[in-house]
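Using the numbering used here, read the sequence shown as starting at 52 and increasing by one per residue. For every residue, glycine included, the Cβ atom is placed at its ideal position computed from N, Cα and C. Keep in mind that this is a model prediction, so the values were computed, not measured.
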Amino acid sequence: TFDALKVQVNTTINLSASYKGFSVPVKFTSAYTYWFAPGVGWVKASGTGNVAGNSFSETIELQSDRIP
């Protein structure tokens, strides 16, 4: 466990790619929470998102740390 700073980030990106008159819109949204511990750095991230109608979720967590 760590004493940590908690940062919440919400992101929305709208893209449009065009080729020979054909346009494809792509939307990306996500909601993530990041935890940063003093002297260690990034220790955890957890979030959900959606890319072009495909949903995902993930959690990334530091399993061990060795401070010299």
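Item	Value
Beta-carbon proximity of K57 to N65, cut-off 8 Å	no
F79 - DSSP class collapsed to helix/strand/coil	strand
Range covered by the beta strand (DSSP E) that runs through S108	N105 to E112
S67 and V75 closer than 8 Å at C-beta	yes
8 Å Cβ cutoff met for G98 and T84	yes
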